[in-house]
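The sequence shown begins at 2 in my numbering and counts up by one.
Idealized CB from N, CA, C, for every residue including glycine.
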Amino acid sequence: MRNESNAGLIVAVIVVSLVVGVAGGVGGAWFYLQAQPRENGDTPTLDNGPSEVRVLTDENAIVEAVEAADPAVVKIVATTTAEPANPFEFFFGGPRVQQGIGSGFLFEYDGRILVLTNAHVVGEAQQIVVQTREGEDYTGSLLGSDQVSDVAVLELEGAPENLPTAVLGDSDLLSIGEWVVAIGHPFAFDHTVTVGVVSAQGQRPLGQGANAPVRTMIQTDAAINQGNSGGPLVNLAGEVVGINSMIFSPTGTTVGIGFAIPVNEVKQIVHFLIERGPWVGIERAAPNSTGLANYLNLQTSEGVVVLGVAPGGPAERAGLTQGDVILAIDGESVSTGEELRALVFAHEIGDTITFSIQRGAEQVELDVTAGTVPEGYFR
């Protein structure tokens, strides 16, 4: 449903400099605008488990972490049927069936047991099968999938209510050098465990231009390969601190540079996907800069440049267009996509959000009413 006619504008801010591989699944985007914590109030929340301080000095700490987290890890098989490309293929072969294998994990949200994974794992699949640690298969139905954040949430059909769930930790508490464990299904080897450390935090994976509308990630040297996508990265307390999402590799296999989406960001995306809002319909945005302003002939190098809006969405209805520069939201200045998304997420569906815009030589204010994501939009 998204407008793809803005390639020229996007090329101006996204420069691919090196090869970056997505760690499994059937293709998909991993650009992301970081969400910041919001006040939950009475809205449904994720169950982060009990607040417990654990002192781990035992040499079996890694074993204990795996024992705590692995029961909630699932294998995801996404099946897509591709129509024949020509009459001969149709006559001799019929539709082509493609399968992708990825990982995910069970978690609790407002009393419901759901599955977290990467959006690129489920892609455009017509059938999703989720296999638990005990070997039970369930049909997965998509609650929400956002290619921008590369996060997807699934619901299991007919699953019991006592399935084990993962505890979501606090990725802000991670330290560089801290041990972490990746669990998943690389190359279809079930429930494979690899160990490494937090190599860096706040990384912008290589291959993304300096102005690309992306988010920062956890870097780890725990081996991540095809099929690991969507699986948890856990700390030694067995808490999920990230979703394994991608690798940097010149060969397509692991070279010790993997990336995970911080779980604190995932929590906000989960709320957005399940509650389907607040949504304003800004599909692409990039931090402004002197170079970008010169290229696009903008009157300012401040703020965030709108690269695309959803047709018929709240932003478009309010008059926001491609090329507008967002200077502030509700009087708070913005300079990154992360700040833009955080300020939007601080609202509820139905709220009026005031955007201060630079358009050509004039500054205008637009009132945007936060809405609900339309059905089918995430796909």
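Below 9 Å between beta carbons: does that hold for ILE327 and VAL305? yes
With 16 other Cβ atoms within 10 Å as the buried cut-off, status of LEU344: buried
According to DSSP, is GLY292 part of a helix, a strand, or is it coil? helix
Beta-carbon separation (whole angstroms), ILE219 vs PRO263, contact threshold 8 Å: 6 Å
Under 9 Å, do VAL310 and GLU340 count as touching if we go by C-beta distance? no
Distance, SER246 Cα to ASP222 Cα: 13 Å
Are three or more beta carbon pairs between the stretch 235 to 249 and the stretch 126 to 144 nearer than 8 Å? no
By Cβ distance below 6 Å, which residues in the same chain neighbour THR370 in space, the five residues on each side in sequence not counted? PRO315, THR353
So, for VAL374: in the same chain, excluding its five sequence neighbours on each side, which residues have a beta-carbon less than 7 Å away from its beta-carbon? ARG277, GLY278, TRP280
Indicate whether VAL116 and GLY145 have their beta-carbon atoms separated by less than 9 Å. no
Segment limits, alpha helix (DSSP H) that includes LEU341: 338 to 346
Quick one: what does DSSP say TYR33 is sitting in, helix, strand or coil? For TYR33, the predicted structure reports a pLDDT of 29, less than 50, and the residue's modelled location is therefore unreliable. A value from the coordinates is still provided. In the structure shown, TYR33 sits in coil (DSSP, three-state: anything other than H, G, I, E or B).
Is it right to say SER230 is buried, meaning 16 or more other beta carbons lie within 10 angstroms of its own, or is it exposed? buried
Would the beta-carbon of GLY232 fall within 9 Å of that of ILE184? yes
Out of curiosity, what's the CA-to-CA distance linking LEU175 and ALA329? 31 Å
Look up LYS76 in the DSSP assignment and give the residues it is bridged to. SER104, GLN132
Pick from GLU333, THR166, LEU274, ALA73: whose alpha carbon is nearest that of GLN148? LEU274
In chain order, what residues of the same chain have a beta carbon less than 6 Å from the beta carbon of SER200, not counting five sequence neighbours either side? GLN220, THR221, ASP222
Where in the stretch 122 to 180 do unbroken runs of the beta strand (DSSP E), each at least 3 residues long, occur, reported from the N-terminal end onward? 128 to 132, 138 to 147, 152 to 157
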